[in-house]
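Have a look at the structure below, then the notes.
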Amino acid sequence: MQLYYKTDKLRKLCKEENKKEVIKKYGLEFSKKLLIRINLLEKVNNLNEVPTCLPTRRHKLIGNYDGCYAINITNQYRLIFKPKDADSVIIENLELITKIEITEVSKHYE
-10 MQLYYKTDKL
0 RKLCKEENKK
10 EVIKKYGLEF
20 SKKLLIRINL
30 LEKVNNLNEV
40 PTCLPTRRHK
50 LIGNYDGCYA
60 INITNQYRLI
70 FKPKDADSVI
80 IENLELITKI
90 EITEVSKHYE
């Protein structure tokens, strides 16, 4: 799948070359798991191939995040993203989602 990032700061957070900075800010466990999740998203062909069971647990969001999806990084953090170029269209067939924009890394329920 093709990954895009909402901000340059977010892109830098998700890249291997910034691992030391990420460890310093979020800890080793977060850093390792974030890179694993990014690698997973890059390797799959479409959103339907992202696991819905733990530890990754792809799930659709509601409320202020309607139209977005998330995957778990750790118990507290999640990676939030939305289909790229599909702002006004709700895509029900996840096999058609081959491009996503990562919008944030958030602490769950904060």
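Numbered per this note's numbering, the sequence shown spans residues -10 to 99.
Cβ coordinates follow ideal geometry from the N, Cα and C atoms, glycine included.
Using a Cβ distance threshold of 8 Å, Ile62 and Val94 count as a contacting pair. Assignment of beta-bridge partners to Lys96 by DSSP yields Tyr66. For secondary structure counted as the alpha helix (DSSP H) over 4 or more consecutive residues, the region -2 to 65 holds these complete runs in sequence order: 8 to 15, 17 to 32.
Comparing alpha carbon positions, the residue from Asn82, Gln65, His48, Glu31 closest to Tyr(-7) is Glu31. In the same chain as Asn7, and ignoring 5 residues on each side of it, the C-beta atoms closer than 7 Å to its own belong to Lys1, in chain order. The Cβ-Cβ distance between Lys(-5) and Thr87 does not fall below 8 Å. For Leu(-8), the enclosing beta strand (DSSP E) starts and ends at -9 to -6.
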